[in-house]
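Contents: one structure, followed by commentary.
Protein chains: 2
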Amino acid sequence: MNLNRAAISPGPARGPVDHEVRDQIVAAATEHFRLYGYEKTTVSDLAKAIGFSKAYIYKFFDSKQAIGELICTRCLHVIELDVKTAIDAVDRPPEKLRRMFKAIVKSSLRLFFENRKLHDIAASAATERWEAVRAFDGRIQAMLLEILRLGRETEEFERKTPLDETATAVFLVMYPYFNPALLQYNFDDAEDAPLHLSSLVLRSLSP
Amino acid sequence: MNLNRAAISPGPARGPVDHEVRDQIVAAATEHFRLYGYEKTTVSDLAKAIGFSKAYIYKFFDSKQAIGELICTRCLHVIELDVKTAIDAVDRPPEKLRRMFKAIVKSSLRLFFENRKLHDIAASAATERWEAVRAFDGRIQAMLLEILRLGRETEEFERKTPLDETATAVFLVMYPYFNPALLQYNFDDAEDAPLHLSSLVLRSLSP
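Shown next as structure tokens:
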């Protein structure tokens, strides 16, 4: 299959076909990682399992990590959507913040712990600070900043503390309870933590 | 040496001599773990290195973990003393809390990261929730509760929230930044985190 591909789709047609093949590799890799774990799988294992040559996979991805990054990005995107949905479902900034804490922990737990074998992609990603994770953290910080800004506008949150300082501190409180590498140690507390933490944070934000 | 011991100290005299031998084993084990790591060392390795028989070590400790627990207890005791000293150096509860955050993170970082090889005892202890760690967490919680109680008495902290609830929440904020298993992932933030987090917590405590 790999040798025929170039003949079938040369030049301009390459883009969409590349996209399809990449999707096919990612889907097969996700399934393979789900069964055998990410850390222990090599690109050779993956090639054998998918039925492509190793060289062919390397045409589309620079490394195993590049495949892992894409899987990770998609997982994190699901979490991000859950969080966004939870925030958008209510109007008042304090309630948005409460929902954000709850949703991010719940969604992270579900995604990473329903399937322990996929979790090690997330743990590697978080430990090695992959680009996918840094981008995700950035978007979570942006959502948080938006809620804080809104709460200051509606005068439900205090305005004395510099906004950046507040945002950093709230993110530091939240972070260990959704970061997948940390979450594995926080398992006992993860159920109740969002409630306790968001209540504390809201008290800190009261005008 | 090991075979003579029973003859030298039979019956009532056993206690103090046991204590000395235990200390000797712990000191040698600490040094061995420091050089070769805790996870990779077996009781046989340890026996060889110390020059005792494996059976003799087992007279004093049930397992490698039992030795690790004692080392861990001593390390955690150093952190506890640092925290206590920091708290006692000032009078006002808000400042006590600030110092507590700073001291616990600083002392944990120093102890566990100056020597990476000893750190894996701490990480095992924290991950597997050894008794030494649970006892330590309990004493940290007690110190925290005492500061909160004092701050309510002096009316520097709010009293509307149930004390237990406040104590749990503040502990959940602090915990990821001193737990050795988590600390390894929080390394980038560990420098600034205590300041940001204690400021947030103090805002949440204001009456």
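Protein sequence lines correspond, in order, to chains A and B.
Residue numbers for the first sequence follow UniProt numbering, beginning at 1 and rising by one.
Residue numbers for the second sequence follow UniProt numbering, beginning at 1 and rising by one.
C-beta: ideal position from N, C-alpha, C; glycine also.
Discussion item. Between residue 196 of chain A and chain B, is the shortest Cβ-Cβ distance under 8 Å, so that the two count as touching?
Written reply: With 8 Å as the cut-off, residue 196 of chain A counts as an interface residue toward chain B.
Worksheet entry | Classification of residue 159 of chain B by the beta-carbon crowding that lies within 10 angstroms, buried from 16 upward | Counting Cβ neighbours within 10 Å, residue 159 of chain B comes out exposed, since fewer than 16 surround it.
Item to complete: Report the residue from B:32, B:147, B:134 and B:184 whose alpha carbon sits nearest the alpha carbon of residue 48 of chain B.
Response: Nearest of B:32, B:147, B:134 and B:184 to residue 48 of chain B, Cα basis: B:32.
Discussion item. Quick check on the DSSP output: the alpha helix (DSSP H) that includes residue 63 of chain B runs from which residue to which?
Written reply: Unbroken run through residue 63 of chain B: none, as it is neither H nor E.
Worksheet entry | Between the CA atoms of residue 51 of chain B and residue 45 of chain B - distance to the nearest angstrom | Rounded to the nearest whole angstrom, the CA to CA distance from residue 45 of chain B to residue 51 of chain B is 10 Å.
Item to complete: Look at the alpha carbon of residue 244 of chain A and the alpha carbon of residue 123 of chain A, and state the distance between them as a whole number of angstroms.
Response: This structure cannot speak to residue 244 of chain A, because chain A is shown only from 1 to 207.
Item to complete: Run the CB neighbour count on residue 120 of chain A, radius 10 Å, all protein chains shown included, and call it buried at 16 or more, exposed below.
Response: That one is buried.
Discussion item. At the level of alpha carbons, what is the spacing between residue 107 of chain B and residue 82 of chain B?
Written reply: The C-alpha of residue 82 of chain B is placed about 7 Å away from the C-alpha of residue 107 of chain B.
Worksheet item: What residues in the stretch 147-162 of chain B have a beta carbon less than 8 Å from any beta carbon of chain A?
Response: The residues in question are 158 and 161.
Practice prompt. With a 10 Å radius around its C-beta and 16 neighbouring C-beta atoms as the bar for buried, classify residue 92 of chain B as buried or exposed.
Written response: With a 10 Å radius around the Cβ and a threshold of 16 neighbouring Cβ atoms, residue 92 of chain B comes out exposed.
Discussion item. Taking the straight line between their C-alpha atoms, what separation do you get for residue 136 of chain A and residue 129 of chain B?
Written reply: Taking the straight line from one Cα to the other gives about 30 Å.
Worksheet item: Out of B:161, B:170, B:19 and B:70, which has the shortest C-alpha to C-alpha gap to residue 142 of chain B?
Response: For the residues B:161, B:170, B:19 and B:70, the minimum Cα distance to residue 142 of chain B belongs to B:170.
Worksheet entry | CB contact check: residue 193 of chain A to chain B, cutoff 8 Å | Chain B contact via Cβ: present.
Discussion item. Within 8 Å of any Cβ in chain B, is that where the Cβ of residue 73 of chain A sits?
Written reply: At a cut-off of 8 Å between C-beta atoms, residue 73 of chain A does not count as an interface residue with respect to chain B.
Worksheet item: Hey, how far is the Cα of residue 17 of chain A from the Cα of residue 181 of chain B?
Response: Taking the straight line from one Cα to the other gives about 45 Å.
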